[in-house]
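Heads up: the sequence shown at position 360 corresponds to 360 in the UniProt record's numbering, and the numbers run straight through without jumps. All C-beta atoms, glycine included, are put in the ideal place defined by N, C-alpha and C. Let me begin by presenting the structure, written as C-alpha cells, before commenting on it.
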Amino acid sequence: MLKNMSLQAKLILVSTLSFVVIGLLVIGVVSFQMVNYNQTLMRELTVKNDTTIDKVVGGIENSVKSLTKDIANTQRIKTDIQSNNMNALSNLVNSFLDLKENPDFFCVVTDQTGKIIYTTLGQNLVGTDVSTQPPAKAALSGKSGVGFETTKLVKLAIRAYSPIYDDSGKLIGTVHVGKKISDSNLFVDQLKKDTGSDVTWYLGDERVATTLEDVKVGSKQENQKIIEEVLKNGESPIVKTEHGGKSYLTRFGPIKDSSGNIIGMNSTSISTAEYDNYFRNIFLSLIGTIILVCIVLIGIFLAFIKRSIAKPISSLTKGIEDLSTGDFTLKLPEMNKDELGRIREAVEKLRGYLVDILSRINKIQSEIHSSSKDMLEVSKASKLAAGESKKASENMADAATNLSQSAQEISNQVQQLLSAIDSIASGSESLAKSASNLSERTAAIADKSVQIATDAKAVDELTNNVNKDAREGAKIIQETQNTMNAIVVSVENLSSVMNSLKERSLEIGKIVDVISGIAEQTNLLALNAAIEAARAGDAGRGFAVVADEVRKLAEESQKAAVEIGNMINQTIKETENAANSMNETKEGVLKGSSMSDRTSEAFKNILSAIEKLSEKIDTTTQNITTITKEVQEIESEVSNLAALSEENSASSEEMAASAKEISTNVEGIAATSEEMAASSEEVAASAQESETMAEQIDKEANKLAERADELKNELDKYKFYN
Numbered sequence: 001m002l003k004n005m006s007l008q009a010k011l012i013l014v015s016t017l018s019f020v021v022i023g024l025l026v027i028g029v030v031s032f033q034m035v036n037y038n039q040t041l042m043r044e045l046t047v048k049n050d051t052t053i054d055k056v057v058g059g060i061e062n063s064v065k066s067l068t069k070d071i072a073n074t075q076r077i078k079t080d081i082q083s084n085n086m087n088a089l090s091n092l093v094n095s096f097l098d099l100k101e102n103p104d105f106f107c108v109v110t111d112q113t114g115k116i117i118y119t120t121l122g123q124n125l126v127g128t129d130v131s132t133q134p135p136a137k138a139a140l141s142g143k144s145g146v147g148f149e150t151t152k153l154v155k156l157a158i159r160a161y162s163p164i165y166d167d168s169g170k171l172i173g174t175v176h177v178g179k180k181i182s183d184s185n186l187f188v189d190q191l192k193k194d195t196g197s198d199v200t201w202y203l204g205d206e207r208v209a210t211t212l213e214d215v216k217v218g219s220k221q222e223n224q225k226i227i228e229e230v231l232k233n234g235e236s237p238i239v240k241t242e243h244g245g246k247s248y249l250t251r252f253g254p255i256k257d258s259s260g261n262i263i264g265m266n267s268t269s270i271s272t273a274e275y276d277n278y279f280r281n282i283f284l285s286l287i288g289t290i291i292l293v294c295i296v297l298i299g300i301f302l303a304f305i306k307r308s309i310a311k312p313i314s315s316l317t318k319g320i321e322d323l324s325t326g327d328f329t330l331k332l333p334e335m336n337k338d339e340l341g342r343i344r345e346a347v348e349k350l351r352g353y354l355v356d357i358l359s360r361i362n363k364i365q366s367e368i369h370s371s372s373k374d375m376l377e378v379s380k381a382s383k384l385a386a387g388e389s390k391k392a393s394e395n396m397a398d399a400a401t402n403l404s405q406s407a408q409e410i411s412n413q414v415q416q417l418l419s420a421i422d423s424i425a426s427g428s429e430s431l432a433k434s435a436s437n438l439s440e441r442t443a444a445i446a447d448k449s450v451q452i453a454t455d456a457k458a459v460d461e462l463t464n465n466v467n468k469d470a471r472e473g474a475k476i477i478q479e480t481q482n483t484m485n486a487i488v489v490s491v492e493n494l495s496s497v498m499n500s501l502k503e504r505s506l507e508i509g510k511i512v513d514v515i516s517g518i519a520e521q522t523n524l525l526a527l528n529a530a531i532e533a534a535r536a537g538d539a540g541r542g543f544a545v546v547a548d549e550v551r552k553l554a555e556e557s558q559k560a561a562v563e564i565g566n567m568i569n570q571t572i573k574e575t576e577n578a579a580n581s582m583n584e585t586k587e588g589v590l591k592g593s594s595m596s597d598r599t600s601e602a603f604k605n606i607l608s609a610i611e612k613l614s615e616k617i618d619t620t621t622q623n624i625t626t627i628t629k630e631v632q633e634i635e636s637e638v639s640n641l642a643a644l645s646e647e648n649s650a651s652s653e654e655m656a657a658s659a660k661e662i663s664t665n666v667e668g669i670a671a672t673s674e675e676m677a678a679s680s681e682e683v684a685a686s687a688q689e690s691e692t693m694a695e696q697i698d699k700e701a702n703k704l705a706e707r708a709d710e711l712k713n714e715l716d717k718y719k720f721y722n
C-alpha cells in the first residue's frame, strides 16, 4: 500500500502519525501522572485522616483524663466512698459526665481492693473484681494514666484511671472514666464526620465498630498480610480494599494500650469511586483538549506541508515529468530558497545544459548533413574528373600510338627516300608527292599534339579543382571533428550534473535515515513507557495499551521512512542509468570522431594522389609541348624539303642530310610517343585510383548522412526551442 502512495501522501501520513504518537504519548504521560497523583492524593488524605483521628483521640484522652482527675480529687467522692453512699456517688458522677448528652461515656469506681462499688455500665457489675485488669492494677498501685484499653467490661475504649486518696493520703479506691469505641457508633460516626471517610476499629482482628455499610460488627479481617503487618509488626500500610462492591483506599494503623502493647487496629477507608469519577472527568476533558489541539496542529501542519512541501513537490514533479516527455521549453515554477528550491535550480541548470547540448547537437547535425552533401558533390566531381582524366589519358595514348605509327611510316619513307637518292632526278615527282604526303601527315600530327596539349591542360584544371574540393572537404571534416570534441565535453558536463543529482538524492536518503532514527527513538520511548506502565501495576494498564499503540505507530512510521528510502534508492539507480546513457552517447560521439579521423585521413590520401596526378599531368604536358615543337619543326623542314625538291631536284646530298636529320627526329618522336604512352597509362592509373577514392568518399559521405539523419530523428523527439 505504501509503495503506491505519493510522496505527498506519505509526508502527510508520517506527520499525522507523528502528531498522533506525540498526542498519545502526552495522553499516556498525563494519565500516568494523574493516576499517580490520584493515588498520592488519596494517600495524603488517608494520612491526613489519621492526623485528624489522632487529634480527636487526643482530645478525648485529655477530656477523660481531666474528668478522671477532677472526680478523684473531689472531696465528695471521698466522703461518698467512705460512707458507701451510692446514690450520692451516682449523682456526683452524672454531674461530671452528663450521660444524657454523652451516652458513650462511662465511669467505674472501685474500692481499695479493686472491686467495683459503682459503674454506669450496669448494676450487675457491682462487686466484680477487676484488680487484675491492667488499668485497675495500675490505679491500685497509685498510678494515673490514659489510653486504649480492653477489659471484660468494655471490649475497646479510651479510658483514663486514677487512684483516690482520703485526707490522710490513704488509698481508698480508684476511678475510671472512658469513652466507648465498641458497643457504640457515636465515636466512629464522629470520626467519619470529622474526616469524611469511613472508619473501622478492631480489637485484634475483630471489628468492634465501623461506619462501612454491608460490614458487620464482630466480623474479622481476613487479609492475613494486613494482620501480620499491623498487629505483629506495628506498620501502617495503605492498601486497596472492596466492601459491598465498592473500592476503597484504606490505611490501617495499630492501636496500643497505655502499656504500649498492640491490642487492635483502626482503619480509614476513602471511596475511590468519587475521586475516580472526578479525575476521569478531568482526564476526559484533558484528552479532548489534547485531541482538539492535535487536530488543530495537524491541520496547520498539513496546510503548511501542502503549501510549503507538497505543492512545490507536485509542481517540481510535473515540471520534471514534462522534461521527461522531451519538452525542454517549459521552465519550472519559482520556489523558495530551500532544499526544493535548490533542486529546482539544479533541474533548471540541467535543463539549460540539455537545451544547450541539444542545440549544439542540432547545429552539428546540420553541419554534418551539409558536409555530407558537400562530400557527395566533391566525390561526384572527383569521379567526373577522374573519368575525364582517364578519357584524356586514353586519348593521349591513342594519339601517342598514332604518332608512333606516323613516325614509323615517316621512318620507312625516309628510308625509301634515302634509297631513292641515287635516282633523284627520276624520282623528283615521287619525292614531291612524298613530301606533300609527309607535310599532310605532319600537319595531322601537329593538330593531334595541340589537341593532346589542350586535353592535358583541361585535365590539369580538373585536377586543381579536385585538389581544391578535397582540401575544402578536409577542412569540413576537421570542423566536424572539433564539433565532436565539443559534444564529448558537453556529455562529460552532463555526466557531472547527473553525479551531482545522485549526491543530492543521497543527501535526501540521509534525511530519510534521520526520520527512521526518530521512529526508532519513538519506538524505544514507547518500550520505556510500557516498562514504566508495567511497574505501575494495575494503574498503568491503560497506559501500557497506549504505549503499545505508540510502538505500532512508530513501527509504521519507520516502515514509511524505509519506503521513502527505497524511492530515493530507485531515483539514484535511474540517475545512474541516465549517467550510463550519457556514457553510451559519449562512446557514440567518440566513434563518430574516430570515423571523422578516418575520413580526414582518406582526404589526405586523396590530396596526395591528386598532387601526384598533377605532377604526372605537368610532366605529360611538358612532353606534349616538346612533341608539338618537334612536330612543327618537322612540318617546317618537310615544307622546306618540298620547296627544295621543287627548286632543285639535284640537291641529293642536302636531301640525304635532311633525310638523316628527319630520321633522327622521327626516332625522337617515336621515343617521345612511347614516353607519352607510358605517362598516359600512369595518368589512367591515377585516375582509376582517384575514382576508387571518390567512391570510398561517397560511401563515407552516405554513412555520415545516415548518421546525421539518425541524430536528427533522435533530436526531433525533444522540444528545446519555441
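Check: Run through DSSP, which three-state label would Thr241 get?; Outcome: strand
Check: In the DSSP assignment, find the unbroken beta strand (DSSP E) run with Pro135 in it and report its ends.; Outcome: Run containing Pro135: none in the beta strand (DSSP E); it sits in the alpha helix (DSSP H), Pro134 to Leu140.
Check: Which residue's Cα is closest to the Cα of Lys225: Glu235, Thr329, Lys216 and Ser219?; Outcome: Glu235
Check: For Asp104, name the three-state secondary structure that DSSP assigns.; Outcome: coil
Check: At 3 residues or longer, what runs of the beta strand (DSSP E) sit wholly inside the stretch 171-208?; Outcome: 171-180 and 198-203
Check: Hey, could you find the ends of the beta strand (DSSP E) Leu92 is sitting in?; Outcome: Careful: Leu92 lies outside any beta strand (DSSP E), inside the alpha helix (DSSP H) at Met86 to Leu97.
Check: Using a Cβ-Cβ cutoff of less than 7 Å, which residues in the same chain neighbour Ala273 once the five nearest sequence positions on both sides are dropped?; Outcome: Lys246 and Ser247
Check: How would you label Leu431, buried or exposed, when you count the other beta carbons within 10 angstroms and need 16 or more for buried?; Outcome: Bear in mind that the predicted position of Leu431 carries a pLDDT of just 49, short of 50, making it unreliable; the figure below should be weighed with that in mind. Buried, since its Cβ has 16 or more Cβ neighbours within 10 Å.
Check: Do the stretch 17-31 and the stretch 290-308 make contact, defined as three or more Cβ pairs closer than 8 Å?; Outcome: yes
Check: Quick one: residues in its chain with C-beta nearer than 8 Å to the C-beta of Asp130, no 5 flanking neighbours on either side, listed in chain order?; Outcome: The sequence shown places Val at residue 130, not Asp. Val108, Thr110, Gly114, Lys115, Ile116, Ala136, Thr151, Lys152 and Leu153.
Check: Do Ile181 and Leu156 have their beta-carbon atoms positioned less than 9 Å apart in this structure?; Outcome: yes
Check: Skipping 5 residues on each side, what residues in its chain have a beta carbon closer than 6 Å to that of Ala160?; Outcome: Val64, Lys65, Thr68, Val146 and Val177
Check: Please name the residue in Ile227, Phe283, Arg280 and Ile27 whose C-alpha comes closest to that of Met265.; Outcome: Ile227
Check: Check each candidate in Ser496, Lys143 and Ser90 and name the one with the smallest Cα separation from Gly122.; Outcome: Ser90
Check: Whole beta strand (DSSP E) runs in the UniProt domain "HAMP" (307-359) with 3 or more residues, listed along the chain?; Outcome: none
Check: With distances taken Cα to Cα, identify the nearest neighbour of Glu214 among Lys699, Gly28, Gly142 and His243.; Outcome: What sits at residue 214 in the sequence shown is Asp, not Glu. Of Lys699, Gly28, Gly142 and His243, the residue nearest in Cα terms is His243.
Check: Going by other Cβ atoms of all chains shown within 10 Å of its Cβ, with 16 needed for buried, is Ser31 buried or exposed?; Outcome: buried
Check: Excluding five sequence neighbours on each side, which residues of the same chain lie with their C-beta closer than 8 Å to the C-beta of Leu231?; Outcome: Gly204, Asp205, Pro254, Ile262, Gly264 and Met265
Check: Round the Cβ separation of Val26 and Ile290 to the nearest angstrom and send it over; I've been treating them as touching at under 8 Å.; Outcome: 6 Å
Check: Using a Cβ-Cβ distance cut-off of 9 Å, determine whether Asp80 contacts chain C.; Outcome: Of the chains in the structure shown, none is chain C; there is only one protein chain.
Check: Leaving aside the five residues before and after Met86 along the sequence, list all residues of the same chain whose C-beta is less than 8 Å from its C-beta, in chain order.; Outcome: Asp80, Ile117 and Tyr118
Check: The alpha helix (DSSP H) with Lys78 in it runs from where to where?; Outcome: Gln75 to Ser83
Check: From Lys143 to Pro163, what distance separates their C-alpha atoms?; Outcome: 7 Å
Check: Please list, in chain order, all residues of the same chain as Glu706 whose beta carbon is under 8 Å from its beta carbon, the five residues on each side excluded.; Outcome: none
Check: Please state whether DSSP places Glu503 in a helix, a strand or coil.; Outcome: helix
Check: Ends of the alpha helix (DSSP H) at residue 729?; Outcome: Beyond the ends of the chain as shown, which are 1 and 722, falls residue 729; an answer cannot be given.
Check: Can you tell me which of Glu556, Ile343, Ile531 and Ile368 puts its alpha carbon nearest to the alpha carbon of Lys703?; Outcome: Ile368
Check: Would you give the residue range spanned by the alpha helix (DSSP H) that Lys225 belongs to?; Outcome: Gln224 to Ile227
Check: Just checking my contact of Lys256 with Phe187 at CB under 8 Å: how many whole Å lie between their CB atoms?; Outcome: In fact, because the Cβ distance is near 17 Å, the residues do not count as touching under 8 Å.
Check: State yes or no: is the C-beta of Thr195 within less than 9 Å of the C-beta of Thr52?; Outcome: yes
Check: Can you have a look at Lys192 and say buried or exposed, based on whether 16 or more other CB atoms are within 10 angstroms of its CB?; Outcome: buried
Check: Among Ala9, Thr325, Thr120 and Gly173, which one has its Cα closest to the Cα of Ile305?; Outcome: Ala9
Check: State the Cα-Cα distance for the pair Leu354 and Ser366, rounded to the nearest angstrom.; Outcome: 18 Å
Check: For the beta strand (DSSP E) containing Thr113, name the first residue and the last one.; Outcome: Note, Thr113: premise wrong, no beta strand (DSSP E); not H, not E.
Check: Closest to Glu576 by CA distance: which of Glu229, Arg551 and Ser496 is it?; Outcome: Ser496
Check: Output the distance between the C-alpha atoms of Ala425 and Glu615, rounded to the nearest integer angstrom.; Outcome: Annotation note: pLDDT 48 at Ala425 (below 50); position unreliable, no value reported.
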